[in-house]
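J.: Read left to right, the sequence shown gives residues 124 to 305 (our numbering). Glycine included, every Cβ here is placed at the ideal spot set by N, Cα and C. Values in this document were obtained by computation on a predicted structure and should not be read as measured data.
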Amino acid sequence: MKKLILFIVIIGFAFSGMAQEVKINWLSFEEAVAAQAKEPKKIMMDMFTTWCGPCRMLDKNTFQHKDVAEYVNKNYYAVKFNAEGDGDIKYKDQTFSNPNFDASRKGRNSQHQLASAFGVNAYPTIIFLDENANLLLPVKGYHNPKQLEIFLKVFATNAYKNINSKEDFTTYQKEFKSDFKD
Numbered sequence: 124m125k126k127l128i129l130f131i132v133i134i135g136f137a138f139s140g141m142a143q144e145v146k147i148n149w150l151s152f153e154e155a156v157a158a159q160a161k162e163p164k165k166i167m168m169d170m171f172t173t174w175c176g177p178c179r180m181l182d183k184n185t186f187q188h189k190d191v192a193e194y195v196n197k198n199y200y201a202v203k204f205n206a207e208g209d210g211d212i213k214y215k216d217q218t219f220s221n222p223n224f225d226a227s228r229k230g231r232n233s234q235h236q237l238a239s240a241f242g243v244n245a246y247p248t249i250i251f252l253d254e255n256a257n258l259l260l261p262v263k264g265y266h267n268p269k270q271l272e273i274f275l276k277v278f279a280t281n282a283y284k285n286i287n288s289k290e291d292f293t294t295y296q297k298e299f300k301s302d303f304k305d
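1) Does the Cβ of D169 have 16 or more other Cβ atoms within 10 Å, making it buried, or fewer, making it exposed?
2) My assumption, with CB atoms under 8 Å, is that Q236 sits in contact with F219. Please give the rounded CB distance.
3) Can you tell me which of the three DSSP states A206 falls into?
4) Can you list, in chain order, the residues of its chain whose CB lies under 6 Å from that of W149, leaving out five sequence neighbours each side?
5) Given 8 Å as the limit, is there contact between the stretch 151–169 and the stretch 241–253, that is, 3 or more CB pairs closer than that?
6) Taking the continuous beta strand (DSSP E) assigned at L258, which residues delimit it?
7) Give the straight-line distance between the Cα atoms of I286 and K197, rounded to the nearest whole angstrom.
8) For P261 and F278, which I take to be in contact (beta-carbon distance under 8 Å), what is that distance rounded to the nearest angstrom?
9) Beta-carbon within less than 7 Å of N205's beta-carbon, same chain only, minus the 5 sequence neighbours each way: which residues are those?
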């Protein structure tokens, strides 16, 4: 019995020392906007579709990366939004829906009005919103963790407020020091 207890204690210590998997705390759009009213934070919104291969790669390779997940959870409310999904979304005193949504359709569907309102015309697109849910920038396409890091940090640190031209952003990119591990 003592050996069994000792074995269980040793196994417990071994497992407690293992790295915990870190996941992004995804919210609905409405939950994120409501959370902003209580504790202001920016929103990072993943506009994806179910048929999009690069969307799946972004989810698997980037959003599940430990550094990305930790940084997003600390600095943003994260929203995952099916840009071709169904349902009504209330935003800025308007209701957005997908009136041409067809649940029987496989693959591509019609675009949700909220995705259109944010200017989404490619998938994936990551939308960055300020603390009042105002659009800062849509970032199109797949980005690996290090590529996404610059966008996460330029908005979270408010460095974007000092960027007024393409040249300013180019300078910011050149001077940017990545902290995310490969």
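T.: On the basis of the coordinates in this document:
1) buried
2) 4 Å
3) coil
4) A201 and K203
5) yes
6) L258 to K263
7) 23 Å
8) Rounded, the Cβ-Cβ distance is 12 Å, inconsistent with contact.
9) F171, T172 and T173
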